[in-house]
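Have a look at the structure below before the remarks.
Numbering (the working numbering), first residue to last: 67 to 245.
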């Protein structure tokens with residue numbers, strides 16, 4: 067089982083308020099901070115040897131500032147922030163894992179795109195991803211990709227280095243080197 071340690075603080079409604087508005091008056095006052103650690107973990111169908119990191123909830127904003135996931139082929143280190151009120155999110159991550167192995171976390175569109183690739187070695191990806199949950203029109207991505215020895219649409223590629231961006235429904239690759 068995972069090892070979890072946490073502290074919580076909440077400001078309750080005035081004692082004379084017998085029927086407080088929990089969602090709008092009490093929950094925004096909730097503060098949590100803690101640390102989570104586990105081995106042989108699985109999240110949404112993606113397994114890992116271990117996962118560890120801190121978490122914080124304050125002003126209805128969840129933050130995971132230093133999470134590390136260890137998989138057999140590499141690691142993912144990430145920062146995550148999500149606003150519970152607006153549903154806005156932000157990811158900043160550094161990965162040496164096979165993207166196909168973590169595809170269940172990325173959604174159906176990413177899974178379909180990754181079907182065009184075969185990775186013989188794990189790429190190195192650093193990326194920032196932002197948006198609003200359930201509103202893809204607000205999504206954006208900026209990723210620096212460095213990959214060796216892979217196949218794209220049955221075409222072998224020795225090396226690619228590129229800055230890939232996604233905004234407003236368009237994918238762009240700039241500063242690219244392909245050999």
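Note that CB positions come from ideal geometry on N, CA and C, so glycine has one too. All figures in this text were calculated on a predicted structure; none of them were measured in a lab.
DSSP three-state assignment for residue i, whether helix, strand or coil
i, result
"residue 74", "strand"
"residue 123", "strand"
"residue 94", "helix"
"residue 169", "helix"
Assumed close pair residue i, residue j - CB separation to whole angstroms, cut-off 8 Å
i, j, result
"residue 122", "residue 142", "With a Cβ gap of about 20 Å, residue 122 and residue 142 do not count as contacting."
"residue 217", "residue 211", "So it is not a contact: roughly 15 Å between Cβ atoms."
"residue 180", "residue 193", "In fact, because the Cβ distance is near 14 Å, the residues do not count as touching under 8 Å."
"residue 207", "residue 231", "6 Å"
"residue 118", "residue 129", "That belief does not hold up - the Cβ atoms of residue 118 and residue 129 are roughly 16 Å apart, past 8 Å."
"residue 115", "residue 137", "6 Å"
Boundaries (first-last residue) of the alpha helix (DSSP H) holding residue i
i, result
"residue 177", "174 to 180"
Residue span of the beta strand (DSSP E) that contains residue i, given as start and end
i, result
"residue 84", "Element bounds for residue 84: n/a, residue is neither H nor E."
"residue 104", "97 to 109"
"residue 230", "221 to 233"
"residue 194", "190 to 198"
"residue 242", "236 to 244"
"residue 208", "201 to 218"
"residue 162", "Taken as a continuous stretch (DSSP letters only), residue 162 belongs to no beta strand (DSSP E), as it is neither H nor E."
"residue 147", "140 to 149"
"residue 184", "183 to 185"
C-alpha distance - residue i paired with residue j, whole-angstrom precision
i, j, result
"residue 68", "residue 103", "6 Å"
"residue 151", "residue 166", "32 Å"
"residue 92", "residue 153", "19 Å"
"residue 204", "residue 82", "42 Å"
"residue 72", "residue 215", "44 Å"
"residue 240", "residue 106", "38 Å"
"residue 155", "residue 182", "27 Å"
"residue 185", "residue 213", "9 Å"
Where residue i falls, given that 16 or more other Cβ within 10 Å makes a residue buried
i, result
"residue 236", "exposed"
"residue 173", "exposed"
"residue 74", "exposed"
"residue 77", "exposed"
"residue 111", "exposed"
"residue 189", "buried"
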